[in-house]
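Numbered per the numbering used here, the sequence shown spans residues 245 to 418.
Have a look at the structure below, then the notes.
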Amino acid sequence: FPSCCNFSHPLYKLLCLSTFYKASGFCPPSHSCHDWIGPPDRCSNLRPIIFHIPKNESQLEQRLREFRQETQVWNQQFWANQNMSFRKEKEEFLCTRLRAKGVQLRDETGQKAMLNAEEMAEFYKLFLSKNFKKHLCYNRDWYRRNFVITFLMGQVAFQRAWRRFGLKRTKAEN
């Protein structure tokens, strides 16, 4: 992965080993002072964020950034696993149904045989039903994480406003 990306957080190692970094080599310039959003990961379809770390980052800002990083890694893992599972089960479903119909997986021209929309709807329904509990847990955790992030962002905004007000007040007193 690119040498310009210097991540200190251990959870980033997991994200950096993803296909995203290997395939794209994406890395923002070292002098950047903004978060960067990369191209979609081919396994999760998520766009990873490389978070800017300011020089004078407060403990609260660091806590927010690290929690956002942890959430990103958690989300990346979930969707990479979910998409892999989906593709595998879809392929198995296709093979099983095509064999049951007596149809080859590929026709004479090499085109992959497909099922019609109604037959595929059956697969989608089965897949969603089978994974209902997993999606329910994911959504619960996703909302909880977003609530924590929003709460921390509010605290950071308040802290920054307080700092600005405090600096103006001390300058006015002098």
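By construction, the Cβ of each residue, glycine as well, lies at the ideal position given by its N, Cα and C atoms.
This structure is a prediction, so every number in the text was calculated from the model and none was measured.
TODO: Given a cut-off of 7 Å, decide if Gln320 and Ser288 are closer than it, judged by their beta-carbon atoms.
DONE: yes
Open item on the list: For a test of the three-state rule: what should DSSP assign to Lys299, helix, strand or coil?
Closed with: Coil, per DSSP.
Open item on the list: I'd like to check one pair, Ala357 with Val347: are the Cβ atoms closer than 7 Å?
Closed with: yes
Task: Terminal residues of the alpha helix (DSSP H) in which Lys369 lies - done: 361 to 374
Task: Beta-carbon proximity of Leu304 to Val392, cut-off 7 Å - done: no
TODO: Would you list the one or two residues that DSSP bridges to Ile281?
DONE: Ile293
Open item on the list: Rounded to the nearest angstrom, what separates Asn390 and Glu336 at their Cα positions?
Closed with: When the Cα atoms are used, Asn390 and Glu336 turn out to be separated by approximately 35 Å.
TODO: For my contact list, Gly282 and Pro298 are in at a C-beta cut-off of 8 Å; report their separation, rounded to the angstrom.
DONE: Not quite, the Cβ-Cβ distance comes to about 20 Å (not below 8 Å), so this is no contact.
Task: Distance CB(Arg307)-CB(Phe295) smaller than 7 Å - done: No, they are not a contact pair.
TODO: Look up Arg286 in the DSSP assignment and say whether it is helix, strand or coil.
DONE: In this structure, DSSP gives Arg286 a state outside helix and strand, which the three-state scheme calls coil.
- [ ] May I ask you to list the residues that DSSP assigns as paired with Arg350?
- [x] Lys356
Task: Proximity winner among Leu372, Lys369, Asn325, relative to Leu290 (alpha-carbon distances) - done: Asn325
- [ ] Would you mind working out which of Gln355, Tyr368, Trp406 sits nearest Ser329, comparing C-alpha positions?
- [x] Tyr368
Task: For Phe402 and Arg408, the rounded distance between their alpha carbons - done: 10 Å
Open item on the list: Which same chain residues end up closer than 6 Å to Asp279 when comparing Cβ atoms and leaving out the 5 residues on each side of it in sequence?
Closed with: Ile293, Phe295, His296
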